[in-house]
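All residue numbers for the sequence shown refer to full-length UniProt numbering, where the first residue is 1 and numbers rise by one.
Cβ coordinates follow ideal geometry from the N, Cα and C atoms, glycine included.
Here is the structure we will look at.
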Amino acid sequence: MLNIHNLSVSFGGEYLFEEVTFRMGSGDRVGLVGKNGAGKSTMLKILAGDFKPDSGQIATEKEVRIGFLRQDIDFEQGRTVLEEAYQAFTDIQEVERKLEQINHQLVTRTDYESEEYSQIIEDLSDYTHRFELLGGYNYVGDTEKILLGLGFKREVFNNQTETFSGGWRMRIELAKLLLQANDILLLDEPTNHLDIESIIWLESFLRNYQGVVVIVSHDKMFLDNVTNRTIEISLGKAYDFNKPYSQYLELRHEIREKQLATQKNQAKKIEETEKLIEKFRAKASKASMAQSLIKKLDKVERIEVDEDDNSVMNISFPVSKVPGKVVIEAVNVTKKYGDNTILKDINLLVERGSKIAFVGQNGQGKSTFIKALVNEFEYQGDIKLGHNVQVGYFAQNQAEYLDGEITLLRTMEDAATDMNRSKVRDMLGSFLFRGDDVEKKVKVLSGGERNRLALCKLLLQPINVLLMDEPTNHLDIKSKNVLKAALQKFEGTLLLVSHDRDFLQGMSNIVYEFKDQKIKEYLGDINYFLEQRNAMNMREIEKKDTVKQEVKVEKKNLSFEEQKSQKALQNKLSKIESQIQQLEKDIQHDDKALASNYNKHIEDAHFFAAYEKKKVELEKLLEDWEAVQLELEG
Numbered sequence: 001m002l003n004i005h006n007l008s009v010s011f012g013g014e015y016l017f018e019e020v021t022f023r024m025g026s027g028d029r030v031g032l033v034g035k036n037g038a039g040k041s042t043m044l045k046i047l048a049g050d051f052k053p054d055s056g057q058i059a060t061e062k063e064v065r066i067g068f069l070r071q072d073i074d075f076e077q078g079r080t081v082l083e084e085a086y087q088a089f090t091d092i093q094e095v096e097r098k099l100e101q102i103n104h105q106l107v108t109r110t111d112y113e114s115e116e117y118s119q120i121i122e123d124l125s126d127y128t129h130r131f132e133l134l135g136g137y138n139y140v141g142d143t144e145k146i147l148l149g150l151g152f153k154r155e156v157f158n159n160q161t162e163t164f165s166g167g168w169r170m171r172i173e174l175a176k177l178l179l180q181a182n183d184i185l186l187l188d189e190p191t192n193h194l195d196i197e198s199i200i201w202l203e204s205f206l207r208n209y210q211g212v213v214v215i216v217s218h219d220k221m222f223l224d225n226v227t228n229r230t231i232e233i234s235l236g237k238a239y240d241f242n243k244p245y246s247q248y249l250e251l252r253h254e255i256r257e258k259q260l261a262t263q264k265n266q267a268k269k270i271e272e273t274e275k276l277i278e279k280f281r282a283k284a285s286k287a288s289m290a291q292s293l294i295k296k297l298d299k300v301e302r303i304e305v306d307e308d309d310n311s312v313m314n315i316s317f318p319v320s321k322v323p324g325k326v327v328i329e330a331v332n333v334t335k336k337y338g339d340n341t342i343l344k345d346i347n348l349l350v351e352r353g354s355k356i357a358f359v360g361q362n363g364q365g366k367s368t369f370i371k372a373l374v375n376e377f378e379y380q381g382d383i384k385l386g387h388n389v390q391v392g393y394f395a396q397n398q399a400e401y402l403d404g405e406i407t408l409l410r411t412m413e414d415a416a417t418d419m420n421r422s423k424v425r426d427m428l429g430s431f432l433f434r435g436d437d438v439e440k441k442v443k444v445l446s447g448g449e450r451n452r453l454a455l456c457k458l459l460l461q462p463i464n465v466l467l468m469d470e471p472t473n474h475l476d477i478k479s480k481n482v483l484k485a486a487l488q489k490f491e492g493t494l495l496l497v498s499h500d501r502d503f504l505q506g507m508s509n510i511v512y513e514f515k516d517q518k519i520k521e522y523l524g525d526i527n528y529f530l531e532q533r534n535a536m537n538m539r540e541i542e543k544k545d546t547v548k549q550e551v552k553v554e555k556k557n558l559s560f561e562e563q564k565s566q567k568a569l570q571n572k573l574s575k576i577e578s579q580i581q582q583l584e585k586d587i588q589h590d591d592k593a594l595a596s597n598y599n600k601h602i603e604d605a606h607f608f609a610a611y612e613k614k615k616v617e618l619e620k621l622l623e624d625w626e627a628v629q630l631e632l633e634g
């Protein structure tokens, strides 16, 4: 389906990758991995046709459709969710506009006997037939099915896209790609800004996708759950194995160890041969033997060991000064966006040296609370920083605050003080920006390189409290590990927002779960939190579930009629709970059916109608349950 032969790309005289060759066919789910700046996103742009290589060929089968999910989604403001999703059907919409124009002419013209009118009738027939062939009568229904499957509710279909978070916008873009029925999917960092529920859905969809999938991601768990093949770009070369990421790492390590052992044996034999040559050269009678050995040695194909790029950041977060015992105190913090309440009456006391993780679904207020702590917007309530507190804040979109038109060196010098301005080159070097790299403009950096620069810039200010909001977005796996080690050694106070369980392990001693405008405290690490929630992993924690509450009725002396009435209400409540339980099982069964064979079910209108009906019934039963519960308490 997709053939890449001798592909080469260079920048500034240096090869990003050189003469890379591989082939992909249906069912290949490829993890394209490598360090930040290795050329992964460039490779995707070449495959998508956005960028031309210096040399090499790309061949695809005839009429292959390619869908590209980019890192940065740029929606046109003013469109609703439906209008944006309909952008998947540009051909249909063009024919639809033509039909509207033709119908308008048929209504307004009166020259029924003219040739022009006859031509309009013919055009109507042609365009109507084309509209039908393109699926024009089905695209509205198909769009709604996909959006519903991705978790959107009908009541938000006409909301403006700019009112949604990055994760939900990513889902709209995914919906467009699915509606286009692409043969090849190119996904650049698809899990960035997605909550766990979205990642689960995407994993399930991709595992059942019949075409080719090429994924650039630094999420090890996601790659292991989805891919069946790994291509690593390292130091200009491509290493290709039919294994998921973790298995690939083990296999590549084994291969490299064998290469080293074989190279060592060969070097030993070459050394022995060279000694013989020197020995034979000294004797005239042995000169012919020496020449023979020299020719033999020239023919030996030297064994090369795959180079490994082990360069990593050198990073540490020194504590500027010791603050007071209480570093942050939040009292009754409430934040609303219009009629939408994100946080309500949040109370939080953070003591010096705490290591705190904020977890929960997207949209539950984690980033909002972090932004409130640094006064990014107005809110209700009170937040006080303690004595001598010096906050370092790494925003989720930190790289967007960098000026793309200035150089890396200028970026650092502008943020430096008189005390550390002389050290900025050394600091950039420790973050792998060396030599002429510092004269590059920020806009040419990859997403991971920009994150590294933002981390480097953060160190220019004095810090004893770190607020880190998804700091691992765009960072390669090695850089993630280095950052994690640095944060573990940080002796100050850390507040960390992340969905990455691997990264969170060993990072915190307190976990706060954000849910339903409130926070809940767990006095332990992330594993303790998981045990308390009785779940195997973060993915189960962040799934939406219906919270079952126990009915507690205060005992008191009741008349016979009151007891009779209460018994009836309790029986009614029990019946409703039984119905809720059954409906939840039915919906869960449908969810599994969707996950296992999505393409089949999106074509089944009856399935989706029944699926939606069950959800509506569940909402109604929950309302009935609440009403009966209130009546019982009354």
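- Taken in chain order, the whole alpha helix (DSSP H) runs of length 4 or more contained in the region 500-532 are 501-504 and 526-532.
- Taking all protein chains in view, the Cβ of residue 318 is surrounded by fewer than 16 other Cβ atoms within 10 Å, so the residue is classified as exposed.
- In this structure the region 194-213 does not touch the region 76-90; the number of beta carbon pairs closer than 8 Å is below three.
- Relative to residue 607, the option among 591, 621 and 620 whose CA is nearest is 591.
- In the three-state scheme derived from DSSP, where H, G and I count as helix and E and B as strand, residue 23 is classed as strand.
- Inclusion of residue 523 and residue 453 in the CB contact set at 8 Å is not warranted, their separation being larger than that value.
- Taking residue 367 as the centre and dropping the five residues before and after it, the same chain places the C-beta of 396, 469 and 497 closer than 7 Å to its C-beta, in chain order.
- When DSSP states are grouped into helix, strand and coil, residue 382 belongs to the strand group.
- Separation of the CB atoms of residue 514 and residue 365 is rounded to 5 Å, and the pair is thereby assigned contact status at 8 Å.
- For residue 457, the enclosing alpha helix (DSSP H) starts and ends at 447-458.
- Under the 10 Å beta carbon count, residue 188 is surrounded by 16 or more other beta carbons and is classified as buried.
- In the three-state reduction of the DSSP assignment, residue 370 falls in the helix class.
- Apart from the 5 residues on each side of it in sequence, residue 251 sits with its Cβ closer than 7 Å to the Cβ of 241 and 243 in its chain, given in chain order.
- DSSP places residue 29 in the uninterrupted beta strand (DSSP E) bounded by 29-33.
- In the structure shown, the three-state DSSP call for residue 606 is helix.
- With a 10 Å radius around the Cβ and a threshold of 16 neighbouring Cβ atoms, residue 86 comes out buried.
- Counted as a single uninterrupted DSSP element, the stretch harbouring residue 438 is not any beta strand (DSSP E), since DSSP gives it neither H nor E.
- Counting the other Cβ atoms within 10 Å of the Cβ of residue 111 gives fewer than 16, which makes it exposed.
- Residue 217 counts as buried, since at least 16 other C-beta atoms from the protein chains shown sit within 10 angstroms of its C-beta.
- Rounded to whole angstroms, the gap between the alpha carbons of residue 33 and residue 476 is 8 Å.
- Looking from the CA of residue 100, the closest CA among 175, 334, 236 and 123 belongs to 123.
- One thing to note: residue 125 has its Cβ no nearer than 8 Å to the Cβ of residue 56.
- Assignment of residue 7 by DSSP, reduced to helix, strand and coil, places it in the strand class.
- Here residue 30 is not near residue 191, since their CB atoms are 8 Å or more apart.
- Take residue 617, set aside five residues on each side of it, and the residues of its chain with a beta-carbon closer than 7 Å to its own are 583, in chain order.
- Scanning the region 41-101 for uninterrupted alpha helix (DSSP H) segments of 4 residues or longer gives 81-85, listed from N- to C-terminal end.
- Distance between residue 301 and residue 370, taken at the CA atoms: about 59 Å.
- Burial is judged here by how many other beta carbons sit within 10 angstroms of a residue's own beta carbon; residue 341 has fewer than 16 and is exposed.
- Residue state for residue 624 is assigned as helix, using DSSP reduced to three classes.
- Under DSSP, the beta-bridge partners assigned to residue 230 are 31 and 241.
- Of the candidates 3, 176 and 159, 176 places its Cα closest to the Cα of residue 150.
- It is roughly 27 Å from the alpha-carbon of residue 265 to the alpha-carbon of residue 236.
- Membership of residue 484 in the alpha helix (DSSP H) is indicated by the continuous run 477-489.
- In terms of CA proximity to residue 121, 103 leads the group 130, 103 and 134.
- The Cβ neighbour count for residue 361, taken over all protein chains shown within 10 Å, is at least 16; the residue is labelled buried.
- It is roughly 24 Å from the alpha-carbon of residue 179 to the alpha-carbon of residue 589.
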